[in-house]
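Student: First the structure, which I've put down as structure tokens, then a few questions once you've had a look.
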Amino acid sequence: MSSPDAPQFNPPPSDTEPQPSASIAADSFPPPTFAPEAPAPKSAESPVWTGWDVLQIAFLTIVTLIFLQLVLILSANRFVYRHSSFRVVSQKPMLALLSEFLAYIAVAIYMVALVEGKYHVGFWQAIRWKWPGGAAVKRLGLGVMMVGLDLLGRFLPMPRSVPFDQFFARPTDAYLTTAFAVTLGPLMEELFFRGFLYPVLARRMGVVLGVIFTALPFGLLHLVQYGYAWGAVLVIFLVGVVLTAIRAVTGSVAASFLAHVGYNATLMMLTAAATGGFRHMDRLGLWLAYR
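Numbering (our numbering), first residue to last: -3 to 287.
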């Protein structure tokens, strides 16, 4: 215990100012923050139907077509071509066209019922059927397709005779086939491949793979018609690539439908011109040889 008279010890003043503690320094700076990640961009394709719906449509088409062909062939063999064999009757182009026509009508009704009945959405709106305003896009796509495929066909082994030729054996069959090839045929193919299948694939796989895997079954669909000739099927596959690309760029099934009709119509007109209105189909091989 010190007395008041005792000298007091005072420490010398420090030359340095007191430094803030580490905890205070840390508190003066807010912790780093990170900007939230931007949400992944949604696919431009958002169909209301699923992949299972597309498989059901494909299955229904195959079963309906086989069933109707069998019924029509048996009926024609029983009541019309009584003295012909089943094999001969089954090769009648008229019966094949009629069965395909009826099957497509049935499948079209199912498509509409599926979209409007199950998902309660307008069919044409859901399928993206809108007439494209840019005519230049259609002309450019069709022109590139025609020129490119014509050049490609010169280097690929193309058969001179295929099973599809039987549809042009008579002028009547040829004209009916032509009418089907520029109306209901491309309409149903576009509704299924570019309308139902492509948006499902593009949503899951992206645009590029969606285009490729939509064109692949489109090409294989024509495998039997062209006698399993890989050159012809490759050309049809590339046609499918162009048609699906038109659908992807324009966002319209109507655009790919118009291009499809234009392609088929061009082929039919060239064939008709080369064969004298489908009356001399023997000239077709000569025309193909020197084209």
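Even for Gly, the Cβ is constructed at its ideal location relative to N, Cα and C.
For residue 107, count neighbouring C-beta atoms within 10 Å of its own C-beta (all shown protein chains included) and say buried if the count is 16 or more, exposed if not.
Tutor: Classification for residue 107: buried.
Student: In whole angstroms, give me the CA-to-CA distance for residue 37 and residue 125.
Tutor: In this predicted model, residue 37 has a pLDDT of only 40, less than 50, meaning its place in the structure is not dependable; the value taken from the coordinates is given anyway. Looking at the two C-alpha atoms, the distance is approximately 24 Å.
Student: Going by beta-carbon coordinates alone, are residue 255 and residue 242 separated by less than 8 Å?
Tutor: Yes, the pair counts as a contact, with Cβ atoms nearer than the cut-off.
Student: Based on Cα-Cα distance, which residue from 239, 225, 200 lies nearest to residue 42?
Tutor: When each option's Cα is compared against that of residue 42, the closest is 200.
Student: Hey, how far is the Cα of residue 128 from the Cα of residue 252?
Tutor: The alpha-carbon atoms of residue 128 and residue 252 are separated by roughly 10 Å.
Student: In the structure shown, what three-state DSSP assignment does residue 87 receive?
Tutor: Residue 87: coil per DSSP, three-state reduction.
Student: Nearest to residue 234 by CA position, among 225, 244, 207, 99, is which residue?
Tutor: Of the listed residues, the one whose Cα sits closest to residue 234 is 207.
Student: Only counting the same chain, and skipping five residues up and downstream in sequence, which positions put a Cβ closer than 6 Å to that of residue 167?
Tutor: Here the set comprises 274, 275.
Student: Tell me the DSSP secondary structure of residue 41 in three-state form.
Tutor: Coil, per DSSP.
Student: Relative to the alpha-carbon of residue 362, which residue among 160, 268, 170, 270 has its alpha-carbon at the smallest distance?
Tutor: Nothing can be reported for residue 362, as the shown portion of the chain is limited to -3 through 287.
Student: Given that a residue counts as buried once 16 or more other Cβ atoms are within 10 Å of its Cβ, and exposed if not, what is residue 109?
Tutor: Under this definition residue 109 is an exposed residue.
Student: To which residues of the same chain is residue 257 closer than 6 Å at the C-beta, ignoring the five residues directly before and after it?
Tutor: Around residue 257: 178, 182.
Student: In whole angstroms, give me the CA-to-CA distance for residue 59 and residue 219.
Tutor: Cα to Cα, the separation comes out at about 18 Å.
Student: Over the uninterrupted alpha helix (DSSP H) stretch that includes residue 256, give me the two end residues.
Tutor: Here the alpha helix (DSSP H) through residue 256 covers 249 to 270.
Student: Could you give the DSSP three-state label for residue 114: helix, strand or coil?
Tutor: Three-state DSSP puts residue 114 in a helix.
Student: Give the straight-line distance between the Cα atoms of residue 118 and residue 66, rounded to the nearest whole angstrom.
Tutor: Looking at the two C-alpha atoms, the distance is approximately 34 Å.
Student: When the Cα of residue 61 is compared with those of 80, 170, 101, which residue comes out closest?
Tutor: Out of 80, 170, 101, 101 has the C-alpha closest to the C-alpha of residue 61.
Student: Could you check which residue in 85, 197, 186, 63 has the C-alpha nearest to that of residue 248?
Tutor: The shortest C-alpha separation from residue 248 is found at 186.
Student: Go ahead and label residue 30 buried or exposed: buried means 16 or more other beta carbons lie within 10 angstroms of its beta carbon, across all protein chains shown.
Tutor: Confidence at residue 30 is low in this model, with a pLDDT of 46, below 50, so the placement of that residue should be treated as unreliable; the coordinate-derived value is given next. Classification for residue 30: exposed.
Student: Return the first residue and the last residue of the alpha helix (DSSP H) that residue 223 is part of.
Tutor: Note, residue 223: premise wrong, no alpha helix (DSSP H); not H, not E.
Student: Assuming residue 190 contacts residue 263 (C-beta within less than 8 Å), just tell me the rounded distance between them.
Tutor: 19 Å between Cβ atoms; not a contact.
Student: Taking buried to mean at least 16 other C-beta atoms within 10 Å of its own C-beta, is residue 302 buried or exposed?
Tutor: A query on residue 302 cannot be resolved here, the shown segment of the chain reaching from -3 to 287 and no further.
Student: To the nearest angstrom, report how far apart residue 63 and residue 88 are at their CA atoms.
Tutor: Each residue's alpha carbon lies about 16 Å from the other.
Student: Would residue 103 and residue 56 qualify as a contact pair, given that the criterion is a beta-carbon distance under 8 Å?
Tutor: Result yes, Cβ atoms of residue 103 and residue 56 sit closer than 8 Å.
Student: Helix, strand or coil for residue 46 per DSSP?
Tutor: Residue 46: coil per DSSP, three-state reduction.
Student: Nearest-angstrom Cα distance between residue 81 and residue 116?
Tutor: Cα to Cα, residue 81 sits roughly 48 Å from residue 116.
Student: Can you tell me where the alpha helix (DSSP H) holding residue 205 begins and where it ends?
Tutor: 203 to 216 is the extent of the alpha helix (DSSP H) around residue 205.
Student: Starting from the Cα of residue 96, find the closest Cα among 113, 114, 83, 68 and give me that residue.
Tutor: Nearest option by C-alpha distance: 68.
Student: Quick check on residue 184: buried or exposed, where buried means 16 or more other Cβ atoms within 10 Å of its Cβ?
Tutor: Residue 184 is buried by the Cβ-count criterion.
Student: Do residue 45 and residue 111 have their C-beta atoms closer together than 8 Å?
Tutor: Yes.
Student: Mind checking whether residue 158 and residue 236 have CB atoms under 8 Å apart?
Tutor: No. Outside cutoff.
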